[in-house]
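Inspection log for the structure reproduced underneath, given as structure tokens.
Residue numbers (our numbering): 6 to 556.
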């Protein structure tokens with residue numbers, strides 16, 4: 006890498022050679038994926054989430070969120086005892102951040118709205134924050150001025166803490182009414198310019214990590230006597246690395262299913278409001294984003310094949326099948342029984358077909374096998390009667406990244422795409438997150454930390470398999486990098502880095518520096534060009550005034 010010009014030249018591509026068991030042709034290591042391999046209208050963007058990047062947790066009239074409360078009142082729930090009170094200061098630096106997006110050649114930016122920033126008291130009767138609405142208006146306008154399409158996520162896990170305290174948040178059906186109200190405010194305020202809406206981000210993660218593993222707020226779930234058993238079955242997608250005994254004991258055999266049910270109803274009602282009152286005049290589209298760690302059978306036995314299918318049902322199918330068919334997956338109905346809520350006839354009609362597109366966050370895959378043993382307690386983690394492993398015959402499924410849960414398995418994205426086309430009526434799909442992390446090694450200099458070749462190869466290989474799926478007829482319309490910036494990674498705090506842009510947390514200015522992967526993306530999306538390493542330093546007070554347009 007030429008540090009002076011900061012232009013990266015890659016002499017050869019690197020993609021894993023497939024074995025016959027993966028059923029795909031090998032790819033020469035000399036081949037490289039190119040922008041021209043994708044349709045001209047294929048969207049390439051990057052993604053973030055409000056709590057992970059905004060900071061300004063109590064500025065501009067913002068109310069307290071569940072994550073504000075969780076990280077500040079129980080810092081031991083975060084692996085490095087950090088929080089997102091400042092995060093990466095995107096609230097004050099968004100104008101410069103849009104400039105970065107423009108220089109990288111991105112055509113879309115997916116970000117989430119903070120519910121308590123818009124409605125500090127949780128609902129309309131307590132007032133709308135003019136400052137909060139103005140912040141998002143300013144961000145949207147800056148994006149459009151830079152020819153960058155905003156893709157907005159309405160809920161990315163930060164519910165107003167006041168609603169959590171009042172009635173238990175998503176555990177109670179009252180949340181549906183409040184979510185409808187919040188969603189409609191978003192459509193009303195921003196829908197004239199926003200044409201792509203996502204109701205929920207990864208409801209699986211919010212549900213399982215919050216109400217089974219206890220790693221996310223409201224940190225409910227397993228009891229001490231259940232921990233050892235559930236550890237064997239745990240699926241730790243974005244869980245911070247280890248299964249934690251919950252600070253607050255809940256019922257992991259019933260609560261996650263209630264929460265998921267309410268989330269699905271929130272989604273369906275929001276879609277209904279948008280379609281009924283706003284879609285025709287505003288001309289936008291609306292969908293939902295879900296996550297999947299692809300379940301690959303551990304062996305060729307029918308038992309393990311069936312177990313892998315159940316594993317996919319209990320993660321992706323749990324939230325996708327209802328919006329496609331109006332019902333939960335058959336395997337969940339069978340194994341969860343009467344603990345699984347049922348949709349009324351009216352709700353089924355509302356939920357079925359409640360999407361224009363489906364967003365998918367894909368990071369990794371796992372081997373899955375059948376578990377015929379009878380669990381001693383009811384829990385989501387044991388209901389599917391599956392066990393997962395990152396090894397087959399002591400060989401890892403892929404190289405391990407910075408987090409315990411993330412193994413690099415590019416062919417898994419191909420599996421997911423083809424399976425979705427077959428099972429879910431050939432939907433329009435956006436890859437709304439795909440990325441890899443590295444450990445935040447504080448002994449490295451910033452220059453050393455910019456050398457992230459692992460991330461370049463990760464994106465090259467996943468794009469290759471995504472294109473392979475598209476060649477098979479899968480209707481994929483876009484791909485979003487996770488993440489644009491290093492940021493607060495939930496229960497992992499700042500202990501790992503996902504960004505293509507390095508954020509210097511130590512210098513107090515949260516300086517953004519392009520990693521090698523950022524330069525690769527710049528060259529992939531446009532002609533090779535230099536990306537400035539950094540701007541001239543300025544005082545924090547002056548910078549904040551400038552970025553917020555103050556005098």
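For glycine and all other residues, C-beta sits at the position ideal for the given N, C-alpha and C.
- In the assembly as shown, residue 86 is an exposed residue. Its beta-carbon has fewer than 16 other beta-carbons within 10 Å.
- In this structure, residue 297 sits away from residue 276, with a CB-CB distance that is not shorter than 8 angstroms.
- CA-CA distance, residue 139 to residue 124, rounds to 13 angstroms.
- Between residue 440 and residue 333, the CB-CB gap reaches or exceeds 8 angstroms.
- For residue 197, no alpha helix (DSSP H) segment is defined, and its DSSP state is neither H nor E.
- Between the beta-carbon of residue 344 and that of residue 259 there is about 5 angstroms, and that keeps the pair under the 8 angstroms contact cut.
- Going by beta carbons, residue 372 and residue 408 fall outside the 8 angstroms limit.
- Contact annotation: the stretch 261–274 touches the stretch 203–217, with at least three C-beta pairs closer than 8 angstroms.
- Judged by DSSP secondary structure, residue 154 falls within the beta strand (DSSP E) whose first and last residues are 154–160.
- Annotation for residue 294: the continuous beta strand (DSSP E) segment containing it runs 290–302.
- Around the Cβ of residue 431, a 10 Å sphere holds fewer than 16 other Cβ atoms; the residue is exposed.
- Residue 145 and residue 364 have their C-alpha atoms roughly 21 angstroms apart.
- In summary, residue 152 is exposed, with fewer than 16 beta-carbon neighbours lying within 10 Å of its beta-carbon over all protein chains present.
- Taking 8 angstroms as the cut-off, the beta carbon of residue 399 is found no closer than this to the beta carbon of residue 374.
- Of the candidates 456, 483 and 462, 483 places its Cα closest to the Cα of residue 433.
- For residue 353, the enclosing alpha helix (DSSP H) has its first and last residue at 350–356.
- Residue 166 holds the alpha-carbon nearest to the alpha-carbon of residue 67 among 166, 278 and 324.
- Assignment of residue 315 by DSSP, reduced to helix, strand and coil, places it in the helix class.
- The stretch 253–291 contains no complete beta strand (DSSP E) run of 3 or more residues.
- Annotated three-state conformation of residue 477 is coil, per DSSP.
- Per the DSSP secondary-structure output, residue 206 pairs in a beta bridge with 294.
- The beta carbon of residue 421 lies closer than 7 angstroms to those of 297, 299, 365 and 367 in the same chain, with the five residues before and after it left out.
- Between residue 52 and residue 486 a beta carbon distance of about 7 angstroms is seen, short of the 8 angstroms cut, so the two are scored as contacting.
- Nearest in C-alpha terms to residue 63, of all of 44, 77 and 90, is 90.
- A Cβ-Cβ separation of about 6 angstroms places residue 120 in contact with residue 163 under the 8 angstroms criterion.
- Scanning its chain for C-beta atoms nearer than 8 angstroms, with the 5 sequence neighbours on each side dropped, one finds around residue 96 the residues 59, 60, 61, 64, 65 and 140, in chain order.
- As the crow flies, the alpha-carbon of residue 466 is around 10 angstroms from that of residue 460.
- Sequence-distant partners of residue 323 (beyond 5 residues in either direction) whose C-beta falls short of 8 angstroms from its own C-beta, in its chain, are 209, 265, 333, 334 and 337.
- Under the 8 angstroms Cβ criterion, the stretch 447–461 counts as touching the stretch 500–517, having at least three qualifying pairs.
- Contact check between the stretch 69–81 and the stretch 98–109: fewer than three CB pairs, one atom from each, fall below 8 angstroms, which does not count as touching.
- Residue 445 is positioned such that its CB atom lies no closer than 8 angstroms to that of residue 57.
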